[in-house]
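Here the structure comes first, spelled out in structure tokens, and everything after it is commentary.
Numbering (the UniProt record's numbering), first residue to last: 1 to 708.
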């Protein structure tokens, strides 16, 4: 933009001038003449006429100095090339509100931390179970179900201060987030027509299901930089005057008004008070009661006193489930309490955990509630609509006289917190038991098996997420240029040093951005999984190659030795004892095999003993028969000595679960054990066991009565 700078000087007269855009403003006290704002051509003509007249009537000296300088381009967000065919969608260039480049960081509130730690432990146990290759799905599903029940119990019994913390959550969706989710078209409007545009209050026109509405709402920031720019959602008088201008505009054109409240209160600094903060709020309150269009208000976060009421005098007021509103009876700030007081007309549900866990779903719930209310209000005529709004506020603050209250009755006004610690402790104990089972199974289980189809699916997901990550990091153009250059390079030759250096630098930049950001945790986990799969597959491939090499070199030489070992293993499986000659042959066969491996240039690191999953069948059968005899004799003894009652009492105590009395259980176990020992003849029982299993010596039984 070019501007003209003009200065004048005269002797014996007062002259002043200034430039505004392409016009020049001049005041010249010569012959009583006054020149007002006019175009440049007209001013030049005027100057020529006055100069000719003054050449013989006065000896005033007059000089003009003019120069052209280049000014700064406007910073208003108009694009250089506006699409003339745009018929739908949001005119994003009229708003500074842009999508965030990265997902916001995860923020955990204090009362959520116990359950979050449990969720991480469940994830770890699931990962460990997957590594073993065994099926623990039933136990994990049961734990997840209990976790969801605990989570639901927590969020359905929140205290007012906990709901306030959720309402102030840094990741909670803002007014513009909801507007962009529920409108088909949206244009933001700016300014109070007095030279100011308060970013803490946003106004604009949008359409829902083809119907036009005026949207007005408090706007908080999504990060520190935005919060500073938006003044943390605390408006100045300019913001309320902008809102009033848009309300009158909507009233003139017949647009229903939807307002969103999310502010800790009006900005209470000295400058705002000097500019009439209280007057601006009061003027809005008075004006809203006279608007002839339907007004619906939604409290999406926190509503602080007059700062919220200045755009909240509506026919219908809805609150999100975890929103709070201070302009109410003392301590009654939650949506449930305000509905009981008839301040709020309805509660809009939020997903479990708060609106920030699923903003889109929350926005759709707002849309359903608002459209239903608007359908009811638009059916009213003007007088009925105004009377409806007046009556709503006139009924607030009613009280009942004459009720008797016991003077000594004490009331606990504070809602108790949900005892989540006990629930978390029980779940954590079950998790530890499952973790031990998984670790025990992992020690005896083979390496996990990965199918090629599953690996390919993981690779496809990683490719998609990697592409999205390149776009989010702003590296897409570099990637596309590199791909283009790689496609031109000969496939049968190595990459040149320049191209290879570009690849290395791009990969390094991507890794640095990936490690420093918390927005790509899913991609990091999948990349780690792929790396582990690749390592295991590489180990398996090397093992197969080693096995093949051993078989090729030693198969014929070691064949006889392996037969000796196999025969000995079969004898042990049948329950037979190995004689000294067989044991010597087995040891010699092992030494010969190790010498063969060393002669074939294989390094022997050690010899592992193979642990069988079960005992030999013959031995298992003998143990089963012995157990039947022992338990039968103990059962007869219990009936004969009157210990049945103590056993039943012990079972009942065990069934109580976490509330069981451990001291009582230990006492009952001691009494039952002593009673059995006093009444049981160990020698007679030993003879019965030997006779039933066909053993001749006491050592062959394998366990004493005390151990049993």
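The C-beta atom is built at its ideal place from N, Cα and C for all residues, glycine as well. As the structure is a prediction and not an experimental result, all values here were calculated from the model.
Can you grab the Cα-Cα spacing for the pair residue i / residue j, in whole Å?
{"i": "residue 503", "j": "residue 463", "result": "17 angstroms"}
{"i": "residue 630", "j": "residue 650", "result": "21 angstroms"}
{"i": "residue 585", "j": "residue 564", "result": "7 angstroms"}
{"i": "residue 171", "j": "residue 318", "result": "21 angstroms"}
{"i": "residue 143", "j": "residue 427", "result": "7 angstroms"}
{"i": "residue 767", "j": "residue 188", "result": "Here the chain has residues from 1 to 708 only, and residue 767 is not among them."}
{"i": "residue 550", "j": "residue 597", "result": "8 angstroms"}
{"i": "residue 386", "j": "residue 250", "result": "16 angstroms"}
{"i": "residue 254", "j": "residue 219", "result": "25 angstroms"}
{"i": "residue 329", "j": "residue 145", "result": "Because residue 329 carries a pLDDT of 42, less than 50, the predicted location of this residue cannot be relied on, and the following value inherits that uncertainty. Between residue 329 and residue 145, the C-alpha separation is close to 39 angstroms."}
{"i": "residue 652", "j": "residue 643", "result": "15 angstroms"}
{"i": "residue 228", "j": "residue 292", "result": "36 angstroms"}
{"i": "residue 316", "j": "residue 372", "result": "11 angstroms"}
{"i": "residue 377", "j": "residue 294", "result": "6 angstroms"}
{"i": "residue 536", "j": "residue 522", "result": "21 angstroms"}
{"i": "residue 201", "j": "residue 530", "result": "48 angstroms"}
{"i": "residue 568", "j": "residue 620", "result": "19 angstroms"}
{"i": "residue 437", "j": "residue 593", "result": "37 angstroms"}
{"i": "residue 712", "j": "residue 167", "result": "The first residue shown for the chain is 1 and the last is 708, placing residue 712 beyond what the model contains."}
{"i": "residue 392", "j": "residue 467", "result": "54 angstroms"}
{"i": "residue 429", "j": "residue 525", "result": "27 angstroms"}
{"i": "residue 365", "j": "residue 272", "result": "36 angstroms"}
{"i": "residue 527", "j": "residue 534", "result": "11 angstroms"}
{"i": "residue 539", "j": "residue 532", "result": "11 angstroms"}
{"i": "residue 257", "j": "residue 390", "result": "17 angstroms"}
{"i": "residue 176", "j": "residue 107", "result": "21 angstroms"}
{"i": "residue 501", "j": "residue 484", "result": "15 angstroms"}
{"i": "residue 358", "j": "residue 350", "result": "8 angstroms"}
DSSP three-state call for residue i: helix, strand or coil?
{"i": "residue 185", "result": "strand"}
{"i": "residue 190", "result": "coil"}
{"i": "residue 98", "result": "coil"}
{"i": "residue 206", "result": "strand"}
{"i": "residue 236", "result": "coil"}
{"i": "residue 473", "result": "coil"}
{"i": "residue 748", "result": "With the chain covering 1 to 708 only, the question about residue 748 has no answer from this structure."}
{"i": "residue 220", "result": "coil"}
{"i": "residue 255", "result": "coil"}
{"i": "residue 51", "result": "Because residue 51 carries a pLDDT of 46, less than 50, the predicted location of this residue cannot be relied on, and no value is offered for it."}
{"i": "residue 486", "result": "helix"}
Which same chain residues, not among the five before or five after residue i, have their C-beta less than 7 angstroms away from its C-beta?
{"i": "residue 179", "result": "186, 206, 215"}
{"i": "residue 693", "result": "622, 625, 626"}
{"i": "residue 196", "result": "238"}
{"i": "residue 191", "result": "197, 242"}
{"i": "residue 476", "result": "470"}
{"i": "residue 661", "result": "653"}
{"i": "residue 508", "result": "none"}
Give the C-beta separation of residue i and residue j to the nearest angstrom, bearing in mind that I take them to be a contact with Cβ-Cβ under 8 angstroms.
{"i": "residue 263", "j": "residue 302", "result": "7 angstroms"}
{"i": "residue 246", "j": "residue 212", "result": "Wrong, their Cβ atoms sit about 13 angstroms apart, outside the cutoff."}
{"i": "residue 334", "j": "residue 160", "result": "5 angstroms"}
{"i": "residue 267", "j": "residue 236", "result": "5 angstroms"}
{"i": "residue 127", "j": "residue 431", "result": "With a Cβ gap of about 13 angstroms, residue 127 and residue 431 do not count as contacting."}
{"i": "residue 320", "j": "residue 343", "result": "Contact doesn't hold; Cβ gap of about 15 angstroms is too wide."}
{"i": "residue 352", "j": "residue 152", "result": "6 angstroms"}
{"i": "residue 506", "j": "residue 486", "result": "Not quite, the Cβ-Cβ distance comes to about 11 angstroms (not below 8 angstroms), so this is no contact."}
{"i": "residue 355", "j": "residue 173", "result": "6 angstroms"}
{"i": "residue 285", "j": "residue 310", "result": "7 angstroms"}
Below 8 angstroms CB to CB, which residues in the same chain sit around residue i once its five sequence neighbours on both sides are set aside?
{"i": "residue 633", "result": "680, 685, 688"}
{"i": "residue 369", "result": "298, 318, 346, 348"}
{"i": "residue 164", "result": "302, 324, 333"}
Leaving aside the five residues before and after residue i along the sequence, list all residues of the same chain whose C-beta is less than 6 angstroms from its C-beta, in chain order.
{"i": "residue 435", "result": "125"}
{"i": "residue 73", "result": "Because residue 73 sits at a pLDDT of 45, beneath the cut-off of 50, its placement in the model cannot be relied upon, and the following sentence gives the value as read from the coordinates. Same-chain partners within the cutoff: there are none."}
Which runs of the alpha helix (DSSP H) spanning at least 4 residues fall entirely within the region 321–395, listed in chain order?
Runs of the alpha helix (DSSP H) inside the region 321–395: 335–340, 359–378, 382–394.
Every unbroken beta strand (DSSP E) inside the region 261–324 [3 residues or more]:
The region 261–324 is shown to contain whole beta strand (DSSP E) runs of 3 or more residues at 295–303, 316–320, in chain order.
Which complete alpha helix (DSSP H) runs does the region 100–175 hold, if anything under 4 residues is left out?
Correct list: 113–132, 137–156, 160–167.
What residue ranges within the region 507–563 form continuous alpha helix (DSSP H) runs of no fewer than 4 residues, ordered along the chain?
If only complete runs of 4 or more residues are kept, the region 507–563 shows the alpha helix (DSSP H) at 521–554, in order along the chain.
Complete alpha helix (DSSP H) runs within the region 636–675 (minimum length 4 residues, chain order):
If only uninterrupted alpha helix (DSSP H) runs of at least 4 residues are considered, those enclosed by the region 636–675 are 644–655.
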